[in-house]
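Asker:
Number of protein chains: 2
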Amino acid sequence: MNASNASLGSASKRDNPSTEPGESPVRDSWLLSKVRSLLGDPPVEFSIRGGDRVRTVKAPVARVTFASRKSLLSILADPWVRFGDSYSDGTLTIEGDLVELLETIYRSSAMGDKPSRMRRAVDLLHRPHRNTLAGSRDNIHHHYDIGNPFYSLWLGSTMAYTCAYYPTPAATLDEAQTAKMDHVCRKLRLRSGESVVEAGCGWGTLALHMARHYGVRVRAFNISHEQVAYARERAAREGLAGKVEYVEDDYRSISGHYDAFVSVGMLEHVGVRNYPTLGRIARACLGSNGRGLIHSIGRNHPARLQPWIEKRIFPGAYPPALSEMSQIFEPSDLSVLDIENLRLHYAQTLRHWLALYEAAADRVRAMFDEKFVRMWRLYLAGSVAGFSTGTLQLFQVVFATAENNDVPWTRAHLYGS
Amino acid sequence: MNASNASLGSASKRDNPSTEPGESPVRDSWLLSKVRSLLGDPPVEFSIRGGDRVRTVKAPVARVTFASRKSLLSILADPWVRFGDSYSDGTLTIEGDLVELLETIYRSSAMGDKPSRMRRAVDLLHRPHRNTLAGSRDNIHHHYDIGNPFYSLWLGSTMAYTCAYYPTPAATLDEAQTAKMDHVCRKLRLRSGESVVEAGCGWGTLALHMARHYGVRVRAFNISHEQVAYARERAAREGLAGKVEYVEDDYRSISGHYDAFVSVGMLEHVGVRNYPTLGRIARACLGSNGRGLIHSIGRNHPARLQPWIEKRIFPGAYPPALSEMSQIFEPSDLSVLDIENLRLHYAQTLRHWLALYEAAADRVRAMFDEKFVRMWRLYLAGSVAGFSTGTLQLFQVVFATAENNDVPWTRAHLYGS
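Residue numbers (the numbering used here), protein chains in the order written: chain H, 95 to 511; chain V, 95 to 511.
1) Measuring only between beta-carbons, confirm whether ASP207 (chain H) sits less than 8 Å from chain V.
2) Just tell me which of H:VAL322, H:ILE199, H:ARG163, H:TYR259 has its CA closest to the CA of ASP239 (chain H).
3) Leaving out five residues on either side along the sequence, give the residues of the same chain with a beta carbon under 8 Å from the beta carbon of LEU488 (chain V).
4) How long is the line joining the alpha carbons of ILE348 (chain H) and VAL155 (chain V), rounded to whole angstroms?
5) Quick check: HIS303 (chain H) and PRO409 (chain H), are their CB atoms within less than 8 Å of each other?
6) From the DSSP output, read off the bridge partner residues of VAL155 (chain H).
7) Roughly how many angstroms lie between the CA atoms of LYS208 (chain H) and PHE466 (chain V), to the nearest whole one?
8) Take GLY309 (chain H) as the anchor and find which of H:LEU300, H:ILE317, H:PHE315, H:ASN316 has the nearest alpha-carbon.
9) Does the separation of the CB atoms of SER495 (chain V) and GLY384 (chain V) fall below 8 Å?
10) So which residues on chain V does ALA506 (chain H) lean against when the C-beta distance must stay under 9 Å?
11) On the DSSP letters alone, give me the boundaries of the alpha helix (DSSP H) that ASP432 (chain V) sits inside.
12) Do the stretch 311–321 of chain H and the stretch 282–302 of chain H meet, that is, are 3 or more Cβ pairs less than 8 Å apart?
13) What number of angstroms, rounded off, separates the C-alpha of ARG328 (chain V) from the C-alpha of LEU267 (chain V)?
14) Hey, quick one: how far does the alpha helix (DSSP H) through GLU332 (chain H) stretch, first residue to last?
15) For GLY484 (chain H), which residues in chain V fall below 9 Å Cβ to Cβ?
16) Strictly under 8 Å for the Cβ-Cβ distance: is GLU114 (chain H) near chain V by that measure?
17) Short of 7 Å in beta carbon distance, which residues of its chain neighbour LEU474 (chain V), apart from the five on each side in sequence? Order them along the chain.
18) I'd like to check one pair, ALA273 (chain H) with THR265 (chain H): are the Cβ atoms closer than 8 Å?
19) TYR200 (chain H) and THR483 (chain H): beta carbons closer than 8 Å?
20) Look at VAL358 (chain V) and ALA305 (chain V) and say whether their C-beta atoms are less than 8 Å apart.
21) Please name the residue in V:PRO425, V:GLY190, V:SER162 whose C-alpha comes closest to that of ASP146 (chain V).
22) Going along chain V, which residues have a C-beta under 8 Å from LEU438 (chain H)?
23) Checking 8 Å against the spacing of the C-beta atoms, do PRO370 (chain H) and PRO425 (chain H) come in under that value?
24) Work out the CA separation of PRO396 (chain V) and ARG457 (chain H) for me, nearest whole Å.
25) In whole angstroms, what separates the C-alpha of ARG283 (chain V) from that of VAL356 (chain V)?
26) Give the C-beta separation of SER165 (chain V) and SER180 (chain V) to the nearest angstrom, bearing in mind that I take them to be a contact with Cβ-Cβ under 8 Å.
27) Which residues, taken in chain order from the stretch 159–192 of chain V, show a beta carbon closer than 9 Å to some beta carbon of chain H?
28) Among H:ALA506, H:ASP500, H:GLN490, which one has its Cα closest to the Cα of MET275 (chain H)?
29) Alpha carbon to alpha carbon, how far is GLY381 (chain V) from CYS279 (chain V)?
30) Taking any Cβ of chain V, which residues in the stretch 362–392 of chain H have a Cβ under 8 Å from it, in chain order?
31) According to DSSP, is ASN383 (chain H) part of a helix, a strand, or is it coil?
32) Just confirm the distance between the C-beta atoms of ILE433 (chain V) and ASP432 (chain H), as a whole number of angstroms; I'd bet it's less than 8 Å.
33) So, for ASP191 (chain V): in the same chain, excluding its five sequence neighbours on each side, which residues have a beta-carbon less than 7 Å away from its beta-carbon?
34) If contacts are defined as beta-carbon pairs under 8 Å, then ILE142 (chain V) and LEU126 (chain V) qualify, I think. What distance do you get, rounded to the angstrom?
35) What is the rounded straight-line gap between the Cα of SER420 (chain H) and the Cα of PHE423 (chain V)?
36) Tell me the start and end of each unbroken alpha helix (DSSP H) in the stretch 382–427 of chain H that is at least 4 residues and wholly inside, in chain order.
Encoded structure:
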């Protein structure tokens with residue numbers, strides 16, 4: 095299709111075998127136009143398999159085909175969840191680049207007014223998965239205990255499942271994950287002999303890196319059983335078990351005194367109502383020269399996580415706006431020293447993950463099934479689009495106790511050779 | 095006095111010529127203890143001239159002497175304003191280093207519980223000077239139209255009246271002010287031929303620097319008549335009148351389209367309720383590749399400005415916490431890219447200003463009077479203490495429109511040669 099034969103929102107009637115007797119074929123095209131309109135009229139072609147289609151004035155970025163009128167109707171009833179479910183179960187198919195399609199939809203729906211009104215209505219009915227002690231354990235188990243062999247297919251050799259830091263866009267995934275760990279350690283100005291507490295340590299990579307390269311002792315907390323088992327085994331194998339202790343417990347159980355507090359990619363699972371508690375815990379475990387770093391997905395303004403992601407992928411997750419993150423620091427008089435937004439780095443990280451994931455799709459299918467393959471493809475592609483379009487942010491926040499004057503004079507040390 | 099002969103909160107009875115017949119001299123010492131307790135028991139000696147004194151267990155940092163019981167009582171009635179007024183009119187005198195005394199009091203009262211409860215009570219009664227269009231004009235006139243010759247005595251050759259940026263602590267004031275302007279221009283990544291709008295331009299220094307060294311055109315807004323007159327004269331003298339236009343008008347009158355928005359040291363005068371308006375104005379004047387920078391005094395958590403400063407020096411001023419600053423960006427979907435806290439640089443800037451001010455005290459006295467000299471000394475010394483103790487922060491916030499992907503990949507360009 096090219097622009098010359100397309101017209102805005104037009105419907106071309108075709109033979110329509112899915113039309114029931116007595117039903118007007120016009121209604122399908124109206125429904126398709128409605129879907130496109132709800133999404134802010136992106137340059138995407140929508141059709142029902144073997145039936146109507148709505149074209150766009152521009153050359154379409156991609157083609158979305160619904161298996162039937164029924165699948166289209168189900169999406170109209172709850173577009174933010176059903177789009178993902180329909181893609182996962184194959185009743186919605188896509189021709190064209192999935193990331194590009196999602197970027198296009200994210201951009202157009204951010205500009206359109208109707209979807210945001212609809213989204214607000216859905217938000218009002220939303221009851222997130224609570225992050226009580228037990229709720230957090232269920233939520234974390236749902237995502238992180240899928241199986242270490244699955245994650246090792248596409249996270250690269252570092253097994254770091256958070257935004258990497260690319261000194262240049264040409265860096266590899268593993269290089270960028272290592273650079274991220276060094277960026278974090280330099281921001282914390284770790285010195286040999288110091289102690290660090292880590293809240294939410296994933297497969298333990300950062301803790302090992304800090305111990306090996308910065309000479310610090312680390313206590314690292316995590317409630318994912320599979321991740322802690324993996325991390326302990328790795329620490330033992332690498333001869334660092336005496337320097338790094340992995341604790342299978344909630345961040346709310348952190349006690350003791352440390353020189354630095356670090357949390358990379360846990361805040362998304364904490365829940366805004368618990369932010370003052372997190373700040374109080376960080377404050378209590380730091381001395382007057384204490385400093386900390388929190389690295390988290392965020393938002394330009396408060397908004398719930400994309401509902402399909404929250405329902406199918408990350409129950410209980412919520413990326414906060416800076417006004418919400420402030421509730422970690424302000425009640426405990428912690429001083430924010432430095433915030434860096436790395437959203438383009440997360441888009442790049444996710445592109446690398448997605449490429450490795452696609453290369454391993456057959457092995458994922460053998461571990462799970464086709465629906466799982468499509469579901470996680472959509473999650474990764476949607477996340478690329480979230481960060482590349484500015485729908486999602488990545489904030490690294492460095493903080494210190496209010497009275498700490500032993501902080502770096504400038505940030506030049508982060509960029510020295 | 096040394097530690098060996100001091101005792102905590104003890105009162106030494108002396109000849110007390112200020113005691114009225116029938117009045118117990120014990121009451122003065124009780125009052126003195128009360129003052130010290132209200133301030134969180136700092137290691138400071140308090141006394142009434144020729145009368146009682148309260149000593150401390152530690153060697154006192156300084157000695158504070160009240161001219162009479164009456165002046166002491168007036169301070170107890172409203173310590174946060176009357177301390178400053180009494181210092182200004184000479185009914186309260188200080189032996190020892192003024193900055194060190196104020197740092198000591200800031201630190202001890204931050205730790206004590208009573209002052210903060212008292213402060214909260216005072217805050218409840220507080221009616222700040224509103225920043226309506228007319229209110230802002232009055233508030234700005236009060237401070238910035240005192241006279242350019244006065245400010246030129248102690249701001250250094252740049253006439254920049256905001257936090258400088260010291261590449262190393264050894265930099266001079268003028269070097270650091272110039273480095274600050276370059277730091278701001280690099281953060282904005284200004285390119286030759288671009289246009290910049292500046293909200294609150296002081297004596298016009300940054301606008302001239304941007305035009306001269308970065309080849310941009312600048313429209314700079316300011317409602318201080320004296321500052322604008324000075325800036326225009328300077329632009330004409332330096333042959334930059336064709337590149338820089340100074341507009342004597344409120345930031346709320348900004349219109350047009352620009353590549354960058356910058357505001358250094360104006361936000362303190364905007365008022366939190368106007369932050370969404372400021373953000374809307376910044377958003378409206380930037381294209382999809384727009385970016386901006388706001389530089390402001392801030393807080394670790396919401397708290398009103400020190401009441402004496404607000405009353406005598408900066409009516410209508412308020413340094414916001416980051417949660418409050420977020421109300422500039424979040425309602426307009428502006429993306430925060432980078433926040434740097436430069437509070438130690440502001441302490442250093444203020445030390446340099448205070449030294450120049452003290453060296454010019456005789457000329458200030460000739461322009462005004464002794465009370466004015468003392469008032470501004472206290473303001474500058476108190477500001478050093480505010481930043482050095484972490485009571486005040488200095489935030490530089492870089493932001494961009496949400497869809498702008500043409501942002502620096504890392505911050506290394508800020509630190510390159």
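By construction, the Cβ of each residue, glycine as well, lies at the ideal position given by its N, Cα and C atoms.
Answerer: On the basis of the data shown:
1) Legend: pLDDT at ASP207 (chain H) = 39, less than 50; position of this residue unreliable, no value from coordinates given.
2) H:VAL322
3) CYS257, HIS389, SER390, ILE391, GLY392, ASN435, LEU436, ARG437, HIS439, TYR440, PHE481
4) 38 Å
5) no
6) None, per the DSSP bridge assignment.
7) Caution is warranted here: a pLDDT of 39 is assigned to LYS208 (chain H), below 50, making its placement in the model unreliable, and the coordinate value is therefore given only provisionally. Cα to Cα, the separation comes out at about 59 Å.
8) H:LEU300
9) A small correction: the amino acid at residue 495 (chain V) is Thr; Ser does not occupy that position in the sequence shown. The answer is yes: Cβ separation under 8 Å.
10) PRO261, LEU508, TYR509
11) Premise fails: ASP432 (chain V) lies in the beta strand (DSSP E), 428–435, not in any alpha helix (DSSP H).
12) yes
13) 20 Å
14) Careful: GLU332 (chain H) lies outside any alpha helix (DSSP H) and carries neither H nor E.
15) ASP427, SER429, ALA494, THR495, ALA496, GLU497, ASN498, ASN499
16) Confidence at GLU114 (chain H) is low in this model, with a pLDDT of 48, below 50, so the placement of that residue is unreliable and no value is reported for it.
17) LEU444, TRP447, LEU448, TYR451
18) Residue identity differs from the one stated: residue 265 (chain H) is Ala in this sequence, not Thr. Yes; because the gap between Cβ atoms is below 8 Å, this pair is in contact.
19) yes
20) no
21) V:SER162
22) ASN499, VAL501, TRP503
23) yes
24) 53 Å
25) 12 Å
26) 6 Å
27) none
28) H:GLN490
29) 18 Å
30) none
31) strand
32) 7 Å
33) ALA156
34) 7 Å
35) 14 Å
36) 416–423
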